[in-house]
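Report on one structure; see the data block that follows.
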Amino acid sequence: MKFIFMLSLCLLLPGCAQPYEIESEFTGVVKQINEAHQLLIVADSSETTYDIPVSDIRPYQVGQKLNITVFSNTDEDVWDLNHLKFEIETLE
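For reference, each letter of the sequence shown is one residue, going 3 to 94 in my numbering.
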């Protein structure tokens with residue numbers, strides 16, 4: 003019973019969650035910026051589009067080239083913003 007309680011408590015505390023690890027990295031171009039603080043990025047290598055949340059849209063502009071490092075805290079191969087963090091570096 004004590005084990006179940008501790009396991010339940012651990013699942014509810016953020017410190018017990020799986021740590022974030024690098025999932026992928028890509029370069030892309032900002033195609034759209036919306037007021038919900040998301041950038042629409044088109045990846046250079048595949049022309050795939052990604053919605054990337056940012057805390058402040060002011061440093062970004064349409065046409066800007068960025069390097070995006072994606073960190074995930076899940077083993078599943080899904081684009082779930084609840085399990086992703088992003089590091090964004092301006093290239094141009």
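Idealized CB from N, CA, C, for every residue including glycine.
* Span separating the alpha-carbon of residue 41 from that of residue 33 -> Looking up residue 41 in the sequence shown gives position 39. Looking up residue 33 in the sequence shown gives position 31. Looking at the two C-alpha atoms, the distance is approximately 8 Å.
* Beta carbon of residue 64 nearer than 8 Å to that of residue 25 -> For the purposes of this step, residue 64 is taken as the residue at position 62 of the sequence shown. For the purposes of this step, residue 25 is taken as the residue at position 23 of the sequence shown. No.
* Sort out for me which residues DSSP pairs residue 26 with in a bridge. => By 1-based counting over the sequence shown, the position of residue 26 is 24. The partner list for residue 26 (beta bridge, DSSP) reads 72.
* **Inter-residue Cα distance where the pair is residue 93 and residue 51** => Reading the sequence shown from its first residue, position 91 is the one you call residue 93. Reading the sequence shown from its first residue, position 49 is the one you call residue 51. Residue 93 and residue 51: Cα-Cα distance of roughly 18 Å.
* **Best match in 54, 91, 48 and 47 for proximity to residue 81 [C-alpha to C-alpha]** => Within the sequence shown, numbered from 1, the residue matching residue 81 stands at position 79. The candidate whose alpha carbon is nearest that of residue 81 is 54.
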